[in-house]
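Residue numbers (this note's numbering): 603 to 1561. Every residue, glycine too, gets a C-beta built ideally from N, C-alpha and C.
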Amino acid sequence: MALDFSSMEAKWQKAWYDARINESEPAPDTKKFFMIFAYPGVTGYLHVGHMRGYTVADAIVRHKMMTGHRVLFPVGTHATGNGAISFARRVERNDPATVDILRANGCSDETMKRLTDPEEVVRFFNDIYLNDYWKGFGFMSDWRRFTSTIYPDYTKFIEWQMLKLKANGLLTQKPYFAPACVEHGPVAIDASETDISRGGDAEVLEYTVLKFDLKDGRKLVAATLRPETVFGLTNFWVNPEVEYVDARVGEETWIVSRPAVEKLSLQMDSVEIVGSANGASLMGKRCTAPLTGKAIPIFPSLLCDPEVGTGLVMSVPSDAPADWIGLVELKRDVVEREKYGITEAMVAEASPIAIIDTPGYGPLPAVEVTERLGIDSLDDERLGEATKEVYKTGFHKGVMNRSCGEFAGWQVEQAKDAVRGQMLESGHASMFYDLSEEVLCRCGNRVLVKKIPDQWFIDYSDPGLKERSKEHALTMRIFPREYYDNIQNVIEWYRERACVRLGNWLGTRFPIDRRWIVEAIADSTLYPIHYVTSRFVSEGMVAAENMTEEFFDYVLLGRGTPVDVESATGVGRSVLDSIRAEFDYWYPLDVNLGGKEHMTVHFPVFLMNHVAVLRPQHWPRGIIVNWYITATGGKISKSKGGAQPIPDAAERFGVDAMRLFYAHIASLYVDVAWEDSKVESYRDRLERTWSFIGDLLSVEDRGPTEMDAWLAARMQSRLAGLEGYMEVYDVRSYSNDVFFEMAQDFKWYLRRGGGSAEAILGALRLWIPLMAPVTPHLAEQLWERIGMRPFVSTVILPEAELSEAAAAAEAGERLVASLVEDISEILKVTSIRPSRIILMAAPRWKHDLVARAVASADKNIDVGQLIKETMKSAPPEAKREIPTFAKEIAAEFSRAPVDERRRTHATVDELKTLGRAGRFFSEQFGCEVQTFSADDPARVDPKGRAKHARPGRPAVYVE
RNA sequence: GCGAGGGUAGCCAAGCUCGGUCAAAGGCGACAGACUCAAGAUCUGUUCUCGUAGGGGUUCCCCGGUUCAAAUCCGGGCCCUCGCACCA
603 MALDFSSMEA KWQKAWYDAR INESEPAPDT KKFFMIFAYP GVTGYLHVGH MRGYTVADAI
663 VRHKMMTGHR VLFPVGTHAT GNGAISFARR VERNDPATVD ILRANGCSDE TMKRLTDPEE
723 VVRFFNDIYL NDYWKGFGFM SDWRRFTSTI YPDYTKFIEW QMLKLKANGL LTQKPYFAPA
783 CVEHGPVAID ASETDISRGG DAEVLEYTVL KFDLKDGRKL VAATLRPETV FGLTNFWVNP
843 EVEYVDARVG EETWIVSRPA VEKLSLQMDS VEIVGSANGA SLMGKRCTAP LTGKAIPIFP
903 SLLCDPEVGT GLVMSVPSDA PADWIGLVEL KRDVVEREKY GITEAMVAEA SPIAIIDTPG
963 YGPLPAVEVT ERLGIDSLDD ERLGEATKEV YKTGFHKGVM NRSCGEFAGW QVEQAKDAVR
1023 GQMLESGHAS MFYDLSEEVL CRCGNRVLVK KIPDQWFIDY SDPGLKERSK EHALTMRIFP
1083 REYYDNIQNV IEWYRERACV RLGNWLGTRF PIDRRWIVEA IADSTLYPIH YVTSRFVSEG
1143 MVAAENMTEE FFDYVLLGRG TPVDVESATG VGRSVLDSIR AEFDYWYPLD VNLGGKEHMT
1203 VHFPVFLMNH VAVLRPQHWP RGIIVNWYIT ATGGKISKSK GGAQPIPDAA ERFGVDAMRL
1263 FYAHIASLYV DVAWEDSKVE SYRDRLERTW SFIGDLLSVE DRGPTEMDAW LAARMQSRLA
1323 GLEGYMEVYD VRSYSNDVFF EMAQDFKWYL RRGGGSAEAI LGALRLWIPL MAPVTPHLAE
1383 QLWERIGMRP FVSTVILPEA ELSEAAAAAE AGERLVASLV EDISEILKVT SIRPSRIILM
1443 AAPRWKHDLV ARAVASADKN IDVGQLIKET MKSAPPEAKR EIPTFAKEIA AEFSRAPVDE
1503 RRRTHATVDE LKTLGRAGRF FSEQFGCEVQ TFSADDPARV DPKGRAKHAR PGRPAVYVE
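This is the structure:
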């Protein structure tokens, strides 16, 4: 029977949600498990990669449910920011890529018109995430609790959170320099280009602006990353072809490029253009350097880019290859020089001054490196590489030399800050921030660095908060282990973090100053709590406007009296108390699962905000980090559209096949490339499982056999192993056992002659539920097929029972299986077509000896004692062999750990086991099989192999 | 630069925390056999190498060390990936 995955999925999803088995209700005396995955941002369609973490979370939750927990596994979306706004704008201007993606995902023209409104975009994707993705994958999620960060109740919750942070002294204010679009305010610069359309790799560079005095009182202003090189200044570069301007900055008049004025005006007060300054007119004049007071000549250089820094450059030819080559060219180019009246002597005067001792270089690294590489022109593209090399070594390893006045002997890194500090103080320098490359906002405007004088921060540098968070993290269950260790460092490095932003954004108004909107990370750290309260909102028991500070103080912090809070909020006491009770039941959060991108941002602030705001009993208990599913050629890009729409993939491969793919393809903690063929092979595996179970069900009932006990024992030991895996959320090993190893168990059972319908059914009643966490739809279908009702998803798994008898049954089969391997090996190597196989179990005395050794296994084995004791009961003909064998066993035992010795030497009646398996061996190898004990006088042993027999390893003779 | 992670057989990927159960799970691919008119699917077996007796040899990026014993521990090297903050 072929499986129709799609209809099977629809059938069971409807059945589950109709029966509301996904809804979370507290049950005070029952264990609970509360898990979330970090909700996705609403910036477009998700791709198949995103479903990995979500699916693993669902499998964990389903398993918890099946081990007797009440589970809470809510979902929501993060709509804060400008993702939805920019999406709406792209729809509005018919951006081809956006329209294509919408079309490819089956969006109608009519719907598309609606999507010019950001709030509609959020609604649209909320609906898709919820229905197409999460319900479509059969998640055991309580849909009543769905929330989104722009819902009124959510924003009330965030207001409360900010008030608590303020009250706890964790909000601070100070100036901040942020990348911003002139129209849309601050934007994020990141490689995935969420806010921007170009320049995702740009960095904010911290320039020091140095002021060089001209005789007429104006100042030439150069921006540099290396202020400490001021000691090596020889000249100043001005581009003669650029029109500079005189800008009034405070009390001073600066000469800078026109674009620089715009940038400066975003970072300094009262910047105003008051005149123009022709670059050419400055040539050959002198200006006075800050700090050193040295007068240096002004030379022409076409390399000064008006878009970079101030458009003017100071020249340090000793350590800047471009400056050195600039001088070399200028000296050579007589025509250019004479045009500006610059004599050769003036150029000669500007020869390099050694200022930094750089390991591996002589006094003038820039000169040295350009000579070595044979660079003698500013057009040489290797100049950049040369600069990088000299700068890197010089900055990190260099030491300031004698020419550097009071800084002589300083490490360059330290000198930089000190030199800058001194010049800033004396008014010879200012700070200036600029981007390393051009960045464009999604709206098309240029992104520049803007000073925000009164930016609010959450103070994650607070030592007390850090300490408590780090200590708490040590008590948490954090996976993988590497992150458990590293989160300590991450918290340690954390400093204050901007938590509100200006501009046109979706999000919560900052309650302390409503001009600001709470920033996208600050509003998504404490939110698991809100899944408790959101249900009461969606069921109409509380309205957003009632969710005041007193309300949350009461239900989340246990503050205030019911009477006061009822009158302050208008919420009835019984409702208040049931919310509070539910919060106390579900909290703390047991696991927060999220992608590896959260390791240095979301997870630490998630933890620290809990510690900052909540009482210790409500701090989170666990974190799981998942790595990515990538496209075969690289990252599946969210902003640029996923490879295939999730519903299409679900339709093509089947949801359970995808779920098994996510669960089994690799450890959660490595990246995995998505491959259609892999997913298909998992689908095939599920189909085979389906038909194999069909075979099992139609096995001709042969009644009870010895194998039934083995099968039952096997199921129990599998169960025990599986519980162990899930204890550490190892869904992969769990899937491997359930979907691959356990099928092998059934096959072995049949191969060994098992065939009891009752035993098979009994085992299936365990196997099928074990599949349910990973492939719930198929498991339900199978459950129904074996006549069970109503849901496999609500079955409570038994606890594993491990008995001595079961262990013996398993050990017996291990013996048989390893004998099959050994015999096959012998036949393969010898190319014998066997006519008879003789198996000889180890003699009694060897078993006795091993048993004695095992009994004393915790201690060191006394070989002499072992020999003596064995001698007492051993038959006379064995006595010569005893010492050798005893030594072998002792040596073997000394190498293996204690429980290992026990396991390999579990008590098995070998002769009996072999006897029973005789017919099986005979069928396997198509010949007569005889079994003896190695000390049976009646044994048939032409080649004398009996002496090779050892416990666990019977002797074999083939002919 | 700062920080983190990784390099395992044809490919993917377990194992490494707690050294011996490891020639190293599982999957994919390949090969052979069964079934079939055939193909596909499925099932069985093989898949480092040598071997007419269950064994030997050489392997887990490279070099060195610790140890009776190292894929696993330590030191050094080469290469790769990721994060670095207002993107969740």
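Where the alpha helix (DSSP H) containing residue i begins and where it ends
i, result
"Y619", "607-621"
"S903", "Element bounds for S903: n/a, residue is neither H nor E."
"S1005", "Where S1005 is concerned, there is no enclosing alpha helix (DSSP H), given that its DSSP letter is neither H nor E."
"G928", "923-934"
"F635", "First-last for F635: 634-639, but that is the beta strand (DSSP E), not the alpha helix (DSSP H)."
"F1527", "1512-1527"
"D702", "698-706"
"Q1467", "1465-1475"
Close Cβ partners of residue i (< 6 angstroms) along its chain, the five nearest in sequence each way excluded
i, result
"V723", "A686, F689, A690, L717"
"K1240", "With a pLDDT of only 40 at K1240, under the threshold of 50, the placement of this residue in the model should not be trusted, and no figure is reported."
Range covered by the beta strand (DSSP E) that runs through residue i
i, result
"R746", "Element bounds for R746: n/a, residue is neither H nor E."
"I1181", "First-last for I1181: 1175-1188, but that is the alpha helix (DSSP H), not the beta strand (DSSP E)."
"Y846", "845-851"
"T810", "806-815"
"A780", "773-783"
"D1056", "1049-1060"
"M572", "Because the chain in this structure spans residues 603 to 1561, residue 572 falls outside the shown range and cannot be described."
"E854", "854-859"
Beta-carbon contacts of residue i that lie in its chain and below 7 angstroms, excluding the five residues immediately before and after
i, result
"H1550", "A1557"
"A706", "P1247"
"F639", "G655, Y656, A659, L1195, G1196"
"H665", "M1328, P1375"
"R1111", "I1119"
"M916", "L812, A824, T826, L835, F838"
Reference residue i, options the options, closest by Cα
i, options, result
"V644", "G1109, V873, D1543, F1059", "G1109"
"W1350", "A1322, E1329, A1314, E625", "A1314"
"V1120", "C709, L773, Y641, W614", "L773"
"S1524", "K1448, L1421, I1491", "L1421"
"F1034", "E983, A1407, K813, V784", "K813"
"S1337", "A1480, A1259, L1298", "A1259"
"P1371", "G1356, G1414, L1321, E1483", "L1321"
"P642", "H1212, E1386, P1485, V677", "V677"
"E832", "G802, T890, G1554", "Residue identity differs from the one stated: residue 832 is Val in this sequence, not Glu. Closest by alpha carbon: T890."
"P902", "L929, E1147, V910", "L929"
"E853", "L1158, N1211, G1029", "G1029"
"N684", "D719, M653, P1306, D697", "D719"
"M1344", "R1354, L1380, T1291, Y1331", "T1291"
CB of residue i within 8 angstroms of CB of residue j, strictly
i, j, result
"L822", "I857", "yes"
"W1229", "Y1271", "yes"
"P1247", "G740", "no"
"I957", "G834", "yes"
"D755", "T1135", "yes"
"Y735", "L648", "yes"
"L1191", "R1217", "no"
"D1339", "L1324", "yes"
"L1050", "L868", "yes"
"V1301", "G1357", "yes"
8 angstroms Cβ shell around residue i - same chain, five flanking residues per side excluded
i, result
"G1235", "For G1235, the predicted model reports a pLDDT of 48, less than 50, meaning its position is unreliable; a value from the coordinates is still stated below. Correct list: empty, nothing qualifies."
"P628", "K634, R672, A1183, E1184, Y1187, W1188"
"E1490", "none"
"P777", "K1053, I1054, P1055, D1056, Q1057"
Problem set entry | At least 3 beta-carbon pairs within less than 8 angstroms: the stretch 1202-1214 vs the stretch 1154-1167 | no
Problem set entry | Given 8 angstroms, three or more beta-carbon pairs between the stretch 767-785 and the stretch 1097-1111 | Segments in contact, yes.
Exercise. Counting Cβ pairs, one atom from each stretch, are 3 or more of them under 8 angstroms apart for the stretch 871-889 and the stretch 798-809?
Worked result: no
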